Structure formats: structure tokens, C-alpha cells
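Trainee: I am attaching a structure below and will ask some questions about it afterwards.
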Amino acid sequence: MQEVRKGPLAGIRVCDFSWVWAGPYCTLQLAHLGAEVIRIESTKRICVTRLLPPWAEDRRDPNAAGYFNQYNQGKRSILIDLSRPEGAQLAKRLVAVSDVVVENFAKGVIERWGLGYEELKKVKPDIIMISMSGYGQSGPQSHYISYGPAQVPMAGFSTLTGYRHWDRPMHLGLSYGDPNAGLHAAFAILVALWHRHHTGEGQYIDMSQWESTIALLGDAILAQQMNGRQPPRLGNRDPMMAPHGFFRCRPAEPGTLPEGMLLEDRWISIACRTDEEWAALCQVMGRPELAQDPRFATLEARKANEDELERIVEEWTIQQDPFEATKKLQEAGVAAFPPLCNKELAEDPHLAARGYYVEKEHPVVGVRRHLGIPWRMSETPCEVWRAAPVMGQDNEYVFRTLLGLSQEEVNRLREMRVIA
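Following this line, the structure appears as C-alpha cells:
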């Protein structure tokens, strides 16, 4: 099925061998930008995210996994057994009519299938290929297996995360390395496409997910390099702002929160960057005299008396509804917002007004709400053109229409379990 794509990458085709989160998050950005992304899947090695919850109506069906269906919107899916020589040859035929190849396996995996860059550029000399391995294609740890949860402590996050005076590392609860690597990879591909547009040259991109994650902590690494000190754990505090943190609010009324949330689990985040913002907060709290109080009049004074500062702020917030307090503070020029639960995010009027959520018909789970494209381009508008694919949804289009295989060839490959 041919579709009219929108976006700056319309006309670009991506051969997507990636799986789990990092690689698919990269190709999701390319699909959002209008590229035709074709995921190569296999029933012998189902993508991990097809096997993880949340499930639509709790149906444990690889095509009903919300995780996969979120990060693979706008893509196509075909089934090829790459462990078979015939499967690798079929994949090469697809590469020959593609512009970009993405893979995020450990070093050496894609080469063992006969699909490394040196082989692929023989069938498409100007192909752009990116390998998103955990540690890069060179170095003593290049053969190590990598997953996002391990990259968080390896990149230094765990030594900085936690409450003050803790003496043990703490995980963040999210594999930051995966989506961060996906964004880095998408940017690298865009630059390579720009280069090819001007020179006609393709290229190979060797990307280390570990290195791209470390790049998020430049200030902490510089603190060690320049001053010889490990930055301390600060909890929710900030060295250049005070107050800065989460403050408990008035408990909610019964029946107003999603199931499982405690009525007293209501908070507001507040951050004051300047003395003027602190004074504005004091006005909203009805305590204007605190702005001139010697304990709090300057950032240095507020940091020196931060325990008492936070106690005073929470004396006010504990009497407030978090959303009403947010409105008052924002109108006064103070950065504040409640931490939203999933239900509140899904029903947020601002996100709805901007059209952030998309609802497309999925062949198995029907219409579901998913996160959409977080940018707006005036000259090259982008859109999510369809829901994530079910496994092998685009076999007919790719094998018959795009690659020109006869029905007899397709049937033979199916009988051989190459297309499976």
C-alpha cells in the first residue's frame, strides 16, 4: 500500500534491523520526519518490546503490546529469518533500494549474518549505515553485551542520584541510555543524509550508546576534572536555585484520584532561580516579609538555611490544591507544576490543544491513544501516518511491490521458512 508521506525525510527509506528500545526510538524519529521505515522482524526472534506490558485488554499478544505500539508508530513490518542465507540475500535486496540501515546489536552480530557495512555498500555504494552498539565497534569492551539499565550506573548517573548523605548508588528507574541513544543516532543519520545530499557519499556511523549517555553528565564530569571533587547527591535540591524541590500539598478528595494513588500523595514542584522569583513566591504565600528576612534574602542565605526554607514553603503548600497553587505561582512568574500521573497526562488540556496525542486504527487493538510528534515545522509539517504494524503486515507490499518478487518466489520462501 503506497502512502503519501509528509515531512522533510519524505522519499527516504530506512531498513531497520534494530530491536528493543534504542534502535526503534531512533527510527521512530525518522518515521516522524516522513521516512519510510521498514522493520525486519522474525517470529523466531520476536522483539522484546512485543513481549512486555502494558497489553491492550490484558491480551498477551505480540501485536497488542503497548510498549511496541508506542515506539513503532508509522513504520512497516516484514518477516525475514536473517539466520538463513536466503534471508540475508533478501535483506540485501531491500538495502539496495534503501537509503539508511539501522542496527543496534552487539559487535559482530550483523556481520555474522553477512550484512555488515562492507557487504552492504557493495549492493548500495551510497548507503548510510549506523551501528548503535553498547560500547562501539572498537576498544576492549566492544564485545560486551549492553542494555539500558546497565548504562545508567556506567555513565555515572547512579553516583549522583539519591538523597543527601546517602552512601550507596541509586538507579533512576528509567533506562535513559536507550531513548538518549536513539535521539543521538537520529541526529547522526540526519547529518549523514545532509552530507550525502551535498557529496553523493554514504558512510558508516559507529555509535557507542555508553558514550552518548555519558555526554548527558558533562557538568558532573567537569567538576571532577577541574576541581577534583565528586559532586554530592542533592536529592531534589539544586546548587543554583532555592527553594527547589517537591512540596506536599493538600490531600485530594475521595474518588478524585486514579485507583492505587493515595489521597495524600499530592505534590507541587517549585523552583526559584532569582531573588525576584523568591520574592514573588513570598507574595503568593502571603508572607512578603520573608523576601527581606536575612536568612532568605539572597541565594547564599537561602542555601545556608535550606531546611528551614523548605519547612516554611511546605507550611503553605500543605494547605493548597496543587493545580490551583500552580496557577497562582505561574501568574506570579514562579516556575511550578504538579508531578502528573499517567491519567492526568493522558487528559491534559494543554497537550490535547496542541494535538500531541494521536489516535490511529490498529489492526488488532483498534483505536488507541499514543504519544505523537513533539515538534511542529511550518514548512515541512510532519504526521504519524498510521499505527504501529502487526508482525509481517507489509510483507506483500515489500516483497511483491517494492522488490518485485513473483508470487511463486514468495510462496517458495514461505515454504522454506525464510519469510517467517
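The numbering used here puts the sequence shown at residues 834 to 1253.
For each residue, glycine too, the CB sits at the ideal point set by N, CA and C.
These numbers were taken from a predicted model, which means no experiment stands behind them.
Out of R846, G1061, F1080, which has the shortest C-alpha to C-alpha gap to G1068?
Mentor: F1080
Trainee: Which residues in the same chain have their Cβ closer than 7 Å to the Cβ of A1025, if we skip the five residues on either side of it in sequence?
Mentor: I961, Q1036, I1038
Trainee: For the segment 1040-1123, which segments carrying the beta strand (DSSP E) assignment without a break, of at least 3 residues, lie completely within its bounds, in sequence order?
Mentor: 1077-1081, 1100-1104
Trainee: Counting pairs of Cβ atoms below 8 Å between the segment 957-976 and the segment 937-944, do you hit three or more?
Mentor: yes
Trainee: Can you give the beta carbon distance from T1269 to Y858, rounded, assuming they're within the 8 Å contact cut?
Mentor: In the structure as shown, the chain starts at 834 and stops at 1253, and residue 1269 therefore has no counterpart that could be examined.
Trainee: What's the call for K1176, buried or exposed, on a 16-neighbour Cβ count within 10 Å?
Mentor: exposed
Trainee: For R1144, write down the residues that DSSP places opposite it in a beta bridge.
Mentor: Note: R1144 sits in no beta bridge, so no partner.
Trainee: For the beta strand (DSSP E) containing F1170, name the first residue and the last one.
Mentor: 1168-1170
Trainee: For K1176, which three-state DSSP category applies?
Mentor: helix
Trainee: Out of Q984, P1002, A983, point me to the one whose CA is closest to T992's CA.
Mentor: The residue with the shortest Cα to Cα distance from T992 is P1002.
Trainee: Which residue from V1200, G995, H976, D1011 puts its Cα closest to that of Q984?
Mentor: D1011
Trainee: Helix, strand or coil, according to DSSP, for M834 in the structure here?
Mentor: Its pLDDT being 48, under 50, M834 is placed unreliably by the model, and nothing is read from it.
Trainee: If I measure Cβ to Cβ from L912 and keep anything under 7 Å in the same chain, skipping five residues before and after, which residues do I get?
Mentor: E874, S875, T876, M1224, G1225, N1228, I1252, A1253
Trainee: Can we say the segment 907-921 touches the segment 943-950, given the rule of at least three CB pairs closer than 8 Å?
Mentor: yes
Trainee: Buried or exposed: K908, going by 16 or more other Cβ atoms within 10 Å of its Cβ?
Mentor: Classification for K908: buried.
Trainee: Do V1198 and A864 come within 8 Å of each other at the CB atom, strictly closer than that value?
Mentor: no
Trainee: Hey, how far is the Cα of G1237 from the Cα of T1089?
Mentor: 57 Å
Trainee: Just to confirm before moving on: does the CB-CB distance between E1221 and Q906 stay below 8 Å?
Mentor: It is Ala, not Glu, that sits at residue 1221 in the sequence shown. Taking 8 Å as the Cβ cut-off, A1221 and Q906 qualify as a contacting pair.
Trainee: Which residue marks the beginning of the alpha helix (DSSP H) containing E951, and which one marks its end?
Mentor: For E951, the uninterrupted alpha helix (DSSP H) segment begins and ends at 950-956.
Trainee: Roughly how many angstroms separate the alpha carbons of Y904 and G840, rounded to a whole number?
Mentor: Computed Cα separation, rounded: 18 Å.
Trainee: Measuring CA to CA, which of P1076, L1114, P1091, L1095 is closest to L1140?
Mentor: In the sequence on display, residue 1140 carries Asp and not Leu. The shortest Cα separation from D1140 among P1076, L1114, P1091, L1095 belongs to P1076.
Trainee: Rounding to the nearest angstrom, what Cα-Cα distance links L1204 and C880 in this structure?
Mentor: 20 Å
Trainee: What's the C-alpha gap between L842 and E1044?
Mentor: 27 Å
Trainee: Given 8 Å as the limit, is there contact between the segment 1042-1062 and the segment 1146-1158, that is, 3 or more CB pairs closer than that?
Mentor: no
Trainee: Should A855 be labelled buried (16 or more other beta-carbon atoms within 10 Å of its own) or exposed?
Mentor: buried
Trainee: Among the residues of its own chain, which have a CB less than 8 Å from the CB of L1005, if the five just before and after it don't count?
Mentor: V985, F990, S991, T994
Trainee: Which word fits C1174, buried or exposed, when buried means at least 16 other C-beta atoms lie within 10 angstroms of its C-beta?
Mentor: exposed
Trainee: In this structure, how does DSSP classify E1194 when only helix, strand and coil are distinguished?
Mentor: strand
Trainee: Whose C-alpha, out of W852, M987, P887, is nearest the C-alpha of V935?
Mentor: Distance from the Cα of V935 is smallest, within the candidate group W852, M987, P887, for W852.
Trainee: If you check the beta carbons only, do S910 and R872 fall under 8 Å apart?
Mentor: Cβ distance < 8 Å, so S910 and R872 count as in contact.
Trainee: Using the C-alpha atoms, what's the distance from F1170 back to C1115?
Mentor: 17 Å
Trainee: Applying the 10 Å Cβ sphere with the 16-neighbour rule, what's the burial state of E1086?
Mentor: exposed
Trainee: On a Cα-Cα basis, can you pick out the residue from W1111, R926, A1019, A1113 that is closest to E952?
Mentor: R926
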